[in-house]
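K.L.:
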Amino acid sequence: MIDRTRQADIPQVGTGPIVRIPFLRRSLARAAAWKRSLVSKITLAFVMVALASYGLGAMVGWSMFVDAANEQWHNQARINAQIASSTLRNIYTYVVIKADESGQVEQIVSSEPVGNDDSILFTGFTPTDVLAMVATQTKNDAWLFHFDQDTQRFVDIAASTGVSPGDAAWIRRDEALFLGALQAGKVTSGFATIAGERHFLGLLPIVSTDDKLFGAVAVSIGKASVLNQTRDALLRQALLAVLTVLLMTGCFVAVFARRLFRPVPTLVQATLKIASEVTDSATPFQDRTDEIGAMARAIEALREAVVERARLREIRDMAVKLEYMAHHDALTGLANRALLMKTLSEALDTQRAFNVLLLDLDRFKVINDTLGHGCGDQLLVTIANRIRALLGEGDLAARLGGDEFAIIQLVDGDAIEDARELALRLLQSISAGVVLEGNEVIVGTSIGVSCAPADGYTPGQLLQNADLALYRAKAEGRGTLVVYEQGMDMVVQDQHALEIDLRLALQRGEFEIHYQPFIKLGSDTVDGFEALVRWRHPNHGLISPDRFIPLAEETGIIVPLGAWVLERACADAMSWPKTMKLAVNLSPIQLRQGNIVDTVARALKISGLRASRLELEVTETAVLAGADSRRALELIAGLGIAVVLDDFGTGYASLSHLAEMPFKKIKIDRGFVANLPTHSTSRAIVAAITNLARELGMEVTAEGVETEEQLIILKAAGCTNAQGYFFARPHPHSQIEFNVMKPVDGRQKHA
94 MIDRTRQADI PQVGTGPIVR IPFLRRSLAR AAAWKRSLVS KITLAFVMVA LASYGLGAMV
154 GWSMFVDAAN EQWHNQARIN AQIASSTLRN IYTYVVIKAD ESGQVEQIVS SEPVGNDDSI
214 LFTGFTPTDV LAMVATQTKN DAWLFHFDQD TQRFVDIAAS TGVSPGDAAW IRRDEALFLG
274 ALQAGKVTSG FATIAGERHF LGLLPIVSTD DKLFGAVAVS IGKASVLNQT RDALLRQALL
334 AVLTVLLMTG CFVAVFARRL FRPVPTLVQA TLKIASEVTD SATPFQDRTD EIGAMARAIE
394 ALREAVVERA RLREIRDMAV KLEYMAHHDA LTGLANRALL MKTLSEALDT QRAFNVLLLD
454 LDRFKVINDT LGHGCGDQLL VTIANRIRAL LGEGDLAARL GGDEFAIIQL VDGDAIEDAR
514 ELALRLLQSI SAGVVLEGNE VIVGTSIGVS CAPADGYTPG QLLQNADLAL YRAKAEGRGT
574 LVVYEQGMDM VVQDQHALEI DLRLALQRGE FEIHYQPFIK LGSDTVDGFE ALVRWRHPNH
634 GLISPDRFIP LAEETGIIVP LGAWVLERAC ADAMSWPKTM KLAVNLSPIQ LRQGNIVDTV
694 ARALKISGLR ASRLELEVTE TAVLAGADSR RALELIAGLG IAVVLDDFGT GYASLSHLAE
754 MPFKKIKIDR GFVANLPTHS TSRAIVAAIT NLARELGMEV TAEGVETEEQ LIILKAAGCT
814 NAQGYFFARP HPHSQIEFNV MKPVDGRQKH A
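Now the structure itself:
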C-alpha cells in the first residue's frame, strides 16, 4: 500500500515548468505570429515615423529651451552685476560706472583700489559687509577679488558668506570666465567654480582710471546643480511626454491597423482553404465597397472556379468509373461481355487473324455449393489472375458470367498451333491447387476455340462456334481443348434436347432403379444392394448415368430425382431378406438443401424400412460442403443410418475428416482397384486405406472388382466388402439374385 499522507509531501518535481512552458511557448508563438503579421509591420512603421518626428521636435524644443535658459541666466547675471555696481557706487564714492550705449554697466572705474584697508577706513565698511548688501539685494552669493599685476592672478578678498580667504585659492588660474573678464575688461557671465562650488556668475571688472584691472566683483545667480536640476526635471517631463505620446500613438495605430486589416488574415485563410480544395464556405467581407471587398469578391470567384473544377473532375472521374464498370467485371476486374463484343468487332474490322477461346471451369459448381459463395468468388479471382498472367501483348481476357471466361488471342502464325500452346499453359496453370479456407481444392477447365476469320465473320458467330467446341470438350471428359469443326452444332443440339427431355423424364416415369450387390468377403455372401438410377429414354433407350447425372446436378433436377430414388429403393428393399442392406447415393446438391433429413426420414416412414438397413453414400465433396451439410450428415447418422464415404481417394478432403465425420464405411474408388495387379502404387494405397479404416473401426468396400486376381489382392489387403462385375452387373428389382456364386471358367453363375 502507498502512504498517501507521505506521498502528498513529496515535491512534484517539474510541475511548475510543465505549466509555464506551454504558456511561454504559446506567448512566443503569438509574438512570432504578430511579428510576421501585416499589422505589426504597419504599427512599427507608424511608431518609427512618430518617434523620428517627436525626437526631432524634442531636439529642436530642447535646443530652444537651453538657449532661452542661457539667455535668461545671462540677463539675470547682468542684472545682478548692475545691482552690485550700484551698491559699490553708493559705498565707495570715488568709483564711477562705465556703461555701454544701451545703458548697461560694463565696468567700475575707481581711482583707488576697492576692498583694501584704506577703503575700509575711508568708508567704514568691510568688503564682507558690502558683499552682504549685494547678496541681500540679489538673493545670491557675491565675491570680491583683487587682481595681482605681478602674478596676473585674481586673489581672494572677501565673500558675502563671510568666509575668509584661506591658503587655497578660491578660483583656478585657468578659470575661463575670469580669463575672459581680464581680456574683455567688461561684464562677463557664465559658469565658474569658486571655492569648489560651480555657479553661474555675473563678473563685473574693476579698473583704474588708466584702464588697469584692479579686481572684480562676482555675483552668482545660482549654483549649477540647482540650475541643472530644474533643466533635468524639465527634460524628464519632456521625455515622459514623448514616451506617453509614442505609446498612445502605437496603441492607436495598432488598434486602427488591426481594425483596418482585420479581414486580411481571414481572407488569407480562405485562400489557403481554397488552395487545399476546401470550398464548403463562402468568402466573407464581399459586401464591403473598398479594396478589401474587391479582394474578397475575387477570392470568392476563385472559390467558385475551384468548386466548378472539382465538380467537373468528379463528373469526369465518375464517367471514367462508369465507363470502366460498364466494360469490366466487378469481381475479377477482367473485361465483361460488352467489352468483349466491342473488341471482337474492332478485331474483325482490322482483318487480322485471332482466336477466341472459351473456358468453363470443371467442378466449380460443386466447390461453390459446398464451400460457399465466398470461397467460390475467391477461386474465380485466383483463376482470373492466372489467366491474366498468361496473356500476350494485345490479348484480352473477359469473364462472361459464372465460371465461364473468354480470351481473344492475337496470332501471327498458325492460329490453331498458337491456340493449343496457350491452352496447354492455361490447363496447367488453372489445374494447380488453390487453398480456400485451409482446404486445398483443384479445379480444371475445358476450352473451346474458334479461329477468325475462318470460323466466323461476326462476334456472335465466333462465340457460338467456340461454345460448340467447348461443349464437345466437356463431352470428351473435360480438362481438354477442342477446336471448332463443321458439324459440331448437331451435337450441341442433341445435348440441349436431352436437357429438355430430362426435365420431363421424372413426370413421365422414365427413370428406373437397377441394383448391384456388394459382397461380404469373409463369407462370400451378399451383404446388400446399391441402388443405381437409370434413364430409359423413349427414343434413345437406356442412357448411362454419366450422361444425365451431371446434367441433373447442373439443372437442379437431382433434388426431386434423388428423393424419388430414395423412396422407391426403400420400398423395394422391404421385399428383401431382413439382413440385406440398401445403399443409396446422395448428391452434394441434395445435402445443400435444408430438407434432406426430412426427405430421408419420410422415405423410411413411408416404406417402413429400418434405419439400420439403410446406407447413404456421399463423395468426398460432401466433407467440404460447409457446416450445414456436415450437420445434415450428423443428423442422418443420428437416425441410425450408416453414412458411407464413396470414391475415397479421388477428391480433395484431408484424412483428418474421416475422424470428424460419422462415417461407418469407406468405398475405394474403382480406379485404384483396376490397377491393383499392375501398379504397386495402387496396392500400397489400398493397403493404407484398409489399415486406416481398420484403426478407425470402419468397413472397406472395393468398387469395380472385375477379376479374381483383384479379389485375391483385396482379401490379402484386409478389404471387408467388394462390388463389381466380377460378382454381378446391376439389374432391375425383378431380376436381382440374393445368392451370388463364384465364377467358374471365367463366367459368372448364380444360384
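So for the sequence shown, our numbering puts the first residue at 94; every next one is plus one. C-beta: ideal position from N, C-alpha, C; glycine also. Only a predicted model underlies this, so the values are computations on that prediction, with no experimental measurement involved.
(1) Work out the CA separation of Ala664 and Glu799 for me, nearest whole Å.
(2) In chain order, what residues of the same chain have a beta carbon less than 7 Å from the beta carbon of Asp488, not counting five sequence neighbours either side?
(3) Between the C-alpha atoms of Asn429 and Gly553, what's the straight-line distance to the nearest angstrom?
(4) I'd like the list of long-range same chain contacts for Pro825, defined as Cβ closer than 7 Å, with 5 residues on each side in sequence excluded.
(5) Closest to Asp462 by CA distance: which of Arg409, Ala177, Glu647 and Gly255 is it?
(6) Inspect the beta-carbon positions of Asp453 and Ser522 and report whether they are closer than 7 Å.
(7) Return yes when the Cβ of Lys279 is within less than 7 Å of the Cβ of Gln200, no when it is not.
(8) Out of Ala645, Arg402 and Val310, which has the shortest C-alpha to C-alpha gap to Leu679?
(9) Can you name, in chain order, every residue of its own chain whose Cβ lies under 6 Å from the Cβ of Ala735, other than the five neighbours on each side?
(10) Let me know the secondary structure DSSP gives Gly259 once reduced to three states.
(11) Take Leu339 as the anchor and find which of Thr180, Leu137, Val619 and Gly255 has the nearest alpha-carbon.
(12) Between the Cα of Gln816 and the Cα atoms of Gln803, Val207, Ala810 and Ser827, which residue gives the shortest distance?
(13) Figure out for me which residue from Ser195, Pro206 and Asn173 has the closest Cα to the Cα of Val189.
(14) Please state whether DSSP places Gly283 in a helix, a strand or coil.
(15) How many Å lie between Phe457 and Glu603 at the Cα?
(16) What would DSSP say about Phe831, mapped onto helix, strand or coil?
(17) Quick one: what does DSSP say Ala821 is sitting in, helix, strand or coil?
(18) Using a Cβ-Cβ cut-off of 7 Å (strictly less than) and excluding sequence neighbours within five positions of Arg846, which residues of its own chain qualify?
(19) When DSSP builds the beta bridges, which residues end up paired with Phe498?
(20) Using the Cβ count rule (16 or more neighbours within 10 Å means buried), how would you classify Phe447?
(21) Work out the CA separation of Glu530 and Thr573 for me, nearest whole Å.
(22) Just curious, the alpha helix (DSSP H) that Phe622 is in, first and last residue?
(23) Can you give me the C-alpha to C-alpha distance between Ser775 and Asp639, rounded to a whole angstrom?
(24) How about Gly541 and Ala559: do their beta carbons lie closer than 7 Å?
(25) For Gln77, which residues in the same chain have their Cβ closer than 7 Å to its Cβ, ignoring the five residues on either side in sequence?
(26) Would Val527 pass as a contact of Leu597 if the rule is Cβ separation under 7 Å?
(27) When DSSP labels each residue in this structure, what does Ala694 get in the three-state scheme?
(28) Are the beta-carbon atoms belonging to Leu427 and Ala491 less than 7 Å from one another?
(29) Among Ile729, Glu710, Pro670 and Arg661, which has the Cα closest to the Cα of Asn688?
(30) Using the C-alpha atoms, what's the distance from Gly295 back to Asn173?
(31) From Phe831 to Arg627, what distance separates their C-alpha atoms?
(32) Could you spell out the range, first to last residue, of the beta strand (DSSP E) harbouring His466?
(33) According to DSSP, what are the bridge partners of His239?
(34) Using the beta-carbon count (16 or more within 10 Å), is Asp846 buried or exposed?
(35) Considering only the beta carbon of each residue, do Val312 and Ala235 sit closer than 7 Å?
(36) Check Gly109 in the structure and name its three-state DSSP category.
P.N.:
Working from what's here:
(1) 30 Å
(2) Ile500, Ile501, Gln502 and Leu503
(3) 15 Å
(4) Glu605 and His607
(5) Glu647
(6) no
(7) yes
(8) Ala645
(9) Glu708 and Lys757
(10) coil
(11) Leu137
(12) Gln803
(13) Pro206
(14) strand
(15) 29 Å
(16) coil
(17) coil
(18) It is not possible to answer for residue 846, since the shown part of the chain is limited to 94 through 844.
(19) Leu452 and Arg492
(20) buried
(21) 28 Å
(22) From DSSP, Phe622 is part of no alpha helix (DSSP H) but of the beta strand (DSSP E) over Thr618 to His630.
(23) 24 Å
(24) yes
(25) This structure cannot settle anything about residue 77, because the visible part of the chain is limited to 94 through 844.
(26) no
(27) helix
(28) yes
(29) Ile729
(30) 7 Å
(31) 21 Å
(32) Segment His466 to Ala482 is the alpha helix (DSSP H) holding His466; no beta strand (DSSP E) there.
(33) Val248 and Gly308
(34) Nothing about residue 846 can be read from this structure; the chain reaches only from 94 to 844.
(35) yes
(36) Since pLDDT at Gly109 reaches only 46, below the 50 mark, its modelled position is unreliable, and the value read off the structure follows with that caveat. Here Gly109 sits in helix by DSSP.
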